[in-house]
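Peer 1:
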DNA sequence: CGTATGCTTGATCAATTTCAAATATCGTGG
DNA sequence: CCACGATATTTGAAATTGATCAAGCATACG
C-alpha cells in the first residue's frame, strides 16, 4: 500500500522534443511514445500533496480520486477509467490521492514538458483546455448532485452518467460496469454504504435495474432512471436518451 | 430582471492588440483598458446556456452563480466578489447564470481576444492557468463540504472561507460581510434557510459569532470555527489561523 | 410610520445514518 | 471442482439530522 511514484521513471525514454515542440503538438501523440506502467489493485499513482510533476493517461483500468478528512472520513472526488486523463487540472501539488480500483495500465508525461510544448504549438492548447473545462463541468455537476439531490436521485444520476462514460457498446439493455465497491460509491455520492444498497435494492424491486454480480448492473428502464436523475447530464446522456423505451419527461 | 448582455458593448474601445500580443501579456492590463459597466441589484451578467463570449472582472460588488433544476430547485455554485473573475473556466457556453447580489461594477473582455493573445505571449498563460486551477480547487473543496460535512460544519466552513476571501483588513475580531441572503447561503450549502438560521443562532448562543445586522457577522472564536470546519481550507485560511485566540486543534 | 420582505424560532415529520445481524460473493487451497 | 474463510453486500430496527410546516419578529425602504 505504500507507493507514491511507483514504477521506475523508465530511465532513457526514446521520445525527444528535439527543439521543435510543435512536432509533438498532439497530447495523445506525446503520451503514446511513453512506456506503459502497470499498477496492481490498491496501489497509489500519487498522493494528495505530492508535487504535481506528471500528467497521466489511463490505458486500462479504474482509479478512485479521494481526500481523507481530519477525522478519517474519505471523500471520493471522482473516478477515472481507461482513455481518461489524470493530473490535468492542478497547480503545484495534487489535490487528491489517486488509487487503483482494478489493475491499471497507464502512461505518464512530465507536466513541464506539456506546458513547454504549448508555447509554440497552438494545436496542443485547445486539447488541454477542453479537458480542463470538461473536468470543471463534471465538478459542477457533482456539486449539484451532492447539494440538491436526494439519495435515489444521486444513485440514478450515478448509474446514468457511468453508463454514458464507460462505453457499454450502445447495446440494449445497457449494462454498466462498476468496478468500485459500494463503499466507494457511497463516499462518492455523500451517502452511507447502507443507503446505497437500499436504493439499489429498491430500484431492483421496482424493475428499473437488474444487478448481475457485484460489479455489473443492467439498466432495464433508462427512462425511469433519467426521470429520477433530474435534468442533469443533458449533454452527456443524449446518446442514452435515444435508447429509452418511452420518451423522457423533458421531451414534451 | 430581463437581461443577458446588459450594457452596450462600448463601441470603439481604444485598446488594440496592435499585432504584438505580448504587449498585452497581463490580464489585468487588458481588462484595465475596458470600460466599467454597472449593474443594479438582481440583474444578470449572463444566463446559463449563453454563448461564453466574454470573461469578466468584478471591480466591486457581489454575484451569485447558480443553476435552476428541472423542478425549480436552485443550486448556487458559488459567489464572486470584487477583484475576482468570472467566465474563465467554461467551454462554449456558460454553465450557470450570474446574477448580482449587490450593485456591481465590472469590466468585460472577449474570450477570443484572450486566447488569441496567449499564442505568442507566455506571460498571460500562467495567470489564466492559475485562476482556472484555483477555481478547480474551490470546486473540489465545495464537493467535500457538500458530500461529507454536516450542517454546522458547512456553515462554519462558509464563514471561515468567506472571512479569508473578503478582506476583513486583518483586524480582530474578524468581521465577515455577507451581502447575500440566508436563502442564498442555504442554496449554496445544500441546506434549507431554516437550518442555516438555526446554526447561526446556535453559534451565536455559544459565543462563537456575533451577528451585526443581517449582512455582517463578527467571528469571535475563530479557533472553534476552524475546528468545526475540519481541516479544509488549510492553505487559504493560514492567515486566519494566525489570528486565533488559542492554538487550533491541528497545531499539536 | 407602515408594509413588504427577509429572518428567526418552534413543533412535527421524513429521510438518512447508525448499529446490528444475516447473507452473498470471490478467491484460494485442498 | 468444491468447501472454506475473508470480505463485501444486503437487510432490519432504532436513533439522529435536517426538512417541512407554521407562526412570530425585525429590518429596510418607500
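Residue numbers (the working numbering), protein chains in the order written: chain B, -17 to 234; chain P, -17 to 234.
Beta carbons: idealized from backbone N, C-alpha and C, even for Gly.
Keep in mind the model is a prediction, meaning the values are calculated, not measured.
Skipping 5 residues on each side, what residues in its chain have a beta carbon closer than 7 Å to that of residue 186 of chain P?
Peer 2: For the purposes of this step, residue 186 of chain P is identified with residue 204 of the second chain, where counting begins at 1. These residues qualify, in order along the chain: 192 and 193.
Peer 1: Can you have a look at residue 161 of chain B and say buried or exposed, based on whether 16 or more other CB atoms are within 10 angstroms of its CB?
Peer 2: In the first chain, residue 161 of chain B corresponds to position 179, counting from 1. It counts as buried.
Peer 1: Express the C-alpha separation of residue 184 of chain P and residue 58 of chain P in angstroms, rounding to a whole number.
Peer 2: Position 76 of the second chain, counted from the first residue, corresponds to residue 58 of chain P. Position 202 of the second chain, counted from the first residue, corresponds to residue 184 of chain P. Approximately 24 Å, taken between the alpha carbons.
Peer 1: Which chain P residues sit within Cβ distance under 8 Å of residue 236 of chain B?
Peer 2: Since the first and last residues shown for chain B are -17 and 234, residue 236 of chain B lies out of range.
Peer 1: Please work out which residues of its chain come closer than 8 Å, Cβ to Cβ, to residue 96 of chain B, disregarding the five sequence neighbours upstream and downstream, and give them in chain order.
Peer 2: As a first step, residue 96 of chain B is located in the first chain; it is residue number 114 there, counting from the start. Hits under 8 Å: 9, 12, 37, 106 and 110.
Peer 1: Just how far apart, CA to CA, sit residue 163 of chain B and residue 197 of chain B?
Peer 2: Residue 163 of chain B sits at position 181 when you count from the first residue of the first chain. Residue 197 of chain B sits at position 215 when you count from the first residue of the first chain. Taking the straight line from one Cα to the other gives about 8 Å.
Peer 1: Just how far apart, CA to CA, sit residue 55 of chain P and residue 206 of chain P?
Peer 2: Counting from one through the second chain, the residue named residue 55 of chain P turns up at place 73. Counting from one through the second chain, the residue named residue 206 of chain P turns up at place 224. Answer to the nearest angstrom: the Cα atoms are 32 Å apart.
Peer 1: Distance cutoff 8 Å, beta carbons only. Does residue 85 of chain P sit that close to anything in chain B?
Peer 2: What you label residue 85 of chain P is simply residue 103 of the second chain in a count that begins at 1. So no, residue 85 of chain P is outside the interface.
Peer 1: Please name the residue in P/168, P/46, P/112 and P/18 whose C-alpha comes closest to that of residue 71 of chain P.
Peer 2: Here the question's residue 71 of chain P lines up with position 89 in the second chain. For the residues P/168, P/46, P/112 and P/18, the minimum Cα distance to residue 71 of chain P belongs to P/112.
Peer 1: For residue 84 of chain P and residue 212 of chain P, what's the separation of their Cα atoms in angstroms?
Peer 2: For the purposes of this step, residue 84 of chain P is taken as the residue at position 102 of the second chain. For the purposes of this step, residue 212 of chain P is taken as the residue at position 230 of the second chain. Looking at the two C-alpha atoms, the distance is approximately 30 Å.
Peer 1: Using the C-alpha atoms, what's the distance from residue 209 of chain P back to residue 32 of chain B?
Peer 2: Taking the first chain and counting its residues from 1, the one referred to as residue 32 of chain B is at position 50. Taking the second chain and counting its residues from 1, the one referred to as residue 209 of chain P is at position 227. Answer to the nearest angstrom: the Cα atoms are 25 Å apart.
Peer 1: Keeping to the same chain, check which residues put their C-beta closer than 7 Å to that of residue 173 of chain P; ignore five residues upstream and five downstream.
Peer 2: For this step, residue 173 of chain P is matched to residue 191 along the second chain. If we look at residue 173 of chain P and ignore the five residues flanking it on each side, its Cβ neighbours are 133 and 136.
Peer 1: On a Cα-Cα basis, can you pick out the residue from B/48, B/75, B/114 and B/118 that is closest to residue 130 of chain P?
Peer 2: Translated into the one-based positions of the second chain, residue 130 of chain P becomes position 148. Nearest of B/48, B/75, B/114 and B/118 to residue 130 of chain P, Cα basis: B/48.
Peer 1: At the level of alpha carbons, what is the spacing between residue 20 of chain B and residue 44 of chain B?
Peer 2: Position 38 of the first chain, counted from the first residue, corresponds to residue 20 of chain B. Position 62 of the first chain, counted from the first residue, corresponds to residue 44 of chain B. Taking the straight line from one Cα to the other gives about 12 Å.
Peer 1: Got a sec: is the Cβ-Cβ distance from residue 39 of chain B to anything in chain P below 8 Å?
Peer 2: The residue given as residue 39 of chain B occupies position 57 in the first chain. By this cut-off, residue 39 of chain B is not an interface position.
Peer 1: Any idea if residue 22 of chain P is buried or exposed, counting beta-carbon neighbours within 10 angstroms, 16 or more meaning buried?
Peer 2: The residue labelled residue 22 of chain P in the question sits at position 40 within the second chain. Under this definition residue 22 of chain P is an exposed residue.
Peer 1: Cβ of residue 88 of chain P within 8 Å of Cβ of residue 122 of chain P?
Peer 2: The residue labelled residue 88 of chain P in the question sits at position 106 within the second chain. The residue labelled residue 122 of chain P in the question sits at position 140 within the second chain. Result no, Cβ atoms of residue 88 of chain P and residue 122 of chain P do not sit closer than 8 Å.
Peer 1: Could you give the DSSP three-state label for residue -10 of chain P: helix, strand or coil?
Peer 2: Locating residue -10 of chain P in the second chain gives position 8, where the first residue counts as 1. With a pLDDT of 34 at residue -10 of chain P, under the threshold of 50, the modelled position of this residue cannot be trusted; read the value that follows with caution. Here residue -10 of chain P sits in coil by DSSP.
Peer 1: When you check each C-beta in the region 45 to 57 of chain B against every C-beta of chain P, which residues fall closer than 8 Å?
Peer 2: The region 45 to 57 of chain B vs chain P, Cβ under 8 Å: 49, 51, 52, 53, 55 and 57.
Peer 1: Look at the alpha carbon of residue 141 of chain P and the alpha carbon of residue 15 of chain P, and state the distance between them as a whole number of angstroms.
Peer 2: Your numbering for residue 141 of chain P matches position 159 in the second chain. Your numbering for residue 15 of chain P matches position 33 in the second chain. When rounded, the distance between both Cα atoms is 34 Å.
Peer 1: Give me, in chain order, the residues of the same chain whose beta-carbon lies closer than 7 Å to that of residue 50 of chain P; leave out the 5 immediate sequence neighbours on both sides.
Peer 2: Here residue 50 of chain P refers to the residue found at position 68 of the second chain. Excluding residues within five positions, the ones whose Cβ falls inside 7 Å are 56.
Peer 1: Does residue 124 of chain P come within less than 8 Å of chain B when only Cβ atoms are used?
Peer 2: Residue 124 of chain P sits at position 142 when you count from the first residue of the second chain. True, the Cβ-Cβ gap to chain B drops below 8 Å.
Peer 1: Output needed for residue 168 of chain B: all residues of its chain with C-beta closer than 6 Å, excluding positions within five of it in sequence on either side, in chain order.
Peer 2: Locating residue 168 of chain B in the first chain gives position 186, counting from the first residue. So the list reads 174, 175 and 178, once near-sequence residues are dropped.
Peer 1: When burial is assigned at 16 or more other CB atoms within 10 Å of the CB, is residue 80 of chain P buried or exposed?
Peer 2: Residue mapping note: residue 80 of chain P aligns to position 98 of the second chain, counting from 1. It counts as buried.
Peer 1: Measure from the alpha carbon of residue 82 of chain P to the alpha carbon of each residue in P/148, P/29, P/127 and P/157, then state which is nearest.
Peer 2: For the purposes of this step, residue 82 of chain P is taken as the residue at position 100 of the second chain. Looking at the Cα atoms, P/29 is the closest of the given residues.
Peer 1: Would a check of beta-carbon distances place residue 165 of chain B closer than 8 Å to chain P?
Peer 2: As a working mapping, residue 165 of chain B is identified with position 183 in the first chain. Not one chain P Cβ lies under 8 Å of residue 165 of chain B.
Peer 1: Can you have a look at residue 60 of chain P and say buried or exposed, based on whether 16 or more other CB atoms are within 10 angstroms of its CB?
Peer 2: By 1-based counting over the second chain, the position of residue 60 of chain P is 78. Buried is the call here.
Peer 1: Would you mind telling me which residues of chain B sit closer than 7 Å to residue 128 of chain P, beta carbon to beta carbon, in chain order?
Peer 2: If you number the second chain from 1, residue 128 of chain P lands on position 146. The contacting residues are 125, 128, 129 and 172.
Peer 1: Check this for me: beta carbons of residue 201 of chain B and residue 127 of chain B, under 8 Å apart or not?
Peer 2: Counting from one through the first chain, the residue named residue 201 of chain B turns up at place 219. Counting from one through the first chain, the residue named residue 127 of chain B turns up at place 145. It is not a contact, given that the beta carbons lie outside the stated cut-off.
Peer 1: Anything in chain B within Cβ reach of residue 64 of chain P, meaning under 7 Å, just list it in chain order.
Peer 2: As a first step, residue 64 of chain P is located in the second chain; it is residue number 82 there, counting from the start. Simply none; closest approach about 23 Å.
Peer 1: Less than 8 Å between CB atoms is the rule here; does residue 212 of chain B satisfy it with respect to chain P?
Peer 2: Locating residue 212 of chain B in the first chain gives position 230, where the first residue counts as 1. Yes, residue 212 of chain B counts as interfacial toward chain P.
Peer 1: Quick one: which unbroken beta strand (DSSP E) runs of 3-plus residues sit fully inside the region 34 to 99 of chain P? Chain order, please.
Peer 2: Qualifying beta strand (DSSP E) stretches, in chain order: 36 to 42, 44 to 50, 56 to 63, 79 to 82 and 86 to 92.
Peer 1: Identify whether residue 184 of chain B lies in helix, strand or coil by the three-state DSSP scheme.
Peer 2: In the first chain, the residue the question calls residue 184 of chain B occupies position 202. Reduced to three states, the DSSP call for residue 184 of chain B is helix.
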